[in-house]
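This note's numbering puts the first residue of the sequence shown at 1, with every later residue one more than the last. No residue lacks a Cβ here, since even glycine has one placed at the ideal position from N, Cα and C. Owing to the predicted nature of the structure, the values given are computational and were not obtained by experimental measurement. To start, the structure itself, in structure tokens.
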Amino acid sequence: MSTIRLGDIAPDFSAITTEGTINFHEWLGDGWGVLFSHPADYTPVCTTELGTVAKYKDEFDKRNVKVVALSVDGLESHKGWVNDINETQNTSVNFPIIADEDKKVSELYDMIHPNANSNLTVRSVFVIGADKTVKLIITYPASTGRNFDELLRVIDSLQLTAYHKVATPANWSNGDDCVVVPSVATEDIPSIFPKGYKEVKPYLRLTPQPNLD
């Protein structure tokens, strides 16, 4: 079983899904991706999560992010569960769900934690950048549903900080001021960040979000 760390190339795989067979890296193309796992089909918390992701599809699309779910149950089980999700969550599942009966992908991504449950995946989330590297890993217990507003917030931060020399402070939301990274010398800030900056401390410099007009 592999251990995946931030910055690693996300392991590639081929898998059967509710939308046909996908090759993961090929399916991602030049965009970003979210891979998230579920303990099993027909579980109550996961039903609400998959319904939420379906409703957030436009938000992921805006960010050039493809979403794929995983459960260790089979394809026919997935199809029945999708019907339940659509009915109970008043939505239509619009992304693939991997049927990982042989646990190949679960083990590749270290989604089975024996002390939690030796047969089912934990609730893992992997955000993968356009360069196919792992940008974020979050693992939730089976009892706690994921906050997809927070996931979108983190993706906004990851995409911003991947292309600009900034970091995002605590509780940052899209549109808030950003932190100038320490590697940028104070005398170079005006040429890199023409919107200006505020020096709170020599190591804490704030600037308006650079990718907004």
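Contact check, R63 vs I155, beta carbons under 9 Å: Cβ distance < 9 Å, so R63 and I155 count as in contact.
From Y109, K79, R153 and A99, residue whose alpha carbon lies closest to that of Y56: R153
Through-space distance from T21 to P208, alpha-carbon basis: Cα to Cα, P208 sits roughly 43 Å from T21.
Distance between I137 and L6 (C-alpha atoms, nearest Å): A straight line joining the alpha-carbon of L6 with that of I137 spans about 7 Å.
Classification of K198 by the beta-carbon crowding that lies within 10 angstroms, buried from 16 upward: exposed
Straight-line gap, F13 to S71 (C-alpha atoms, nearest Å): 15 Å
Spatial distance of P39 from N23 (CA atoms): 22 Å
Per-residue DSSP class, three states only, for N86: helix
Proximity to D131 [Cα-Cα], best of G145, T43, G33 and E19: For D131, the closest C-alpha among the options G145, T43, G33 and E19 is that of G33.
Cβ neighbour criterion (16 or more within 10 Å) applied to I98: buried
Length of the line joining the Cα atoms of V53 and E187: 44 Å
Beta-carbon gap between A167 and G129 smaller than 9 Å: no
Residue from I192, D177 and L212 with nearest C-alpha to V200: When each option's Cα is compared against that of V200, the closest is D177.
Exposure of A15, with buried meaning 16 or more beta-carbon neighbours within 10 Å: buried
Cβ pair A142, V45 closer than 9 Å: yes
Per DSSP, the bridge partner or partners of Y197: According to DSSP, Y197 shares a beta bridge with no other residue.
Complete alpha helix (DSSP H) runs within the stretch 94-180 (minimum length 4 residues, chain order): 104-108 and 148-163
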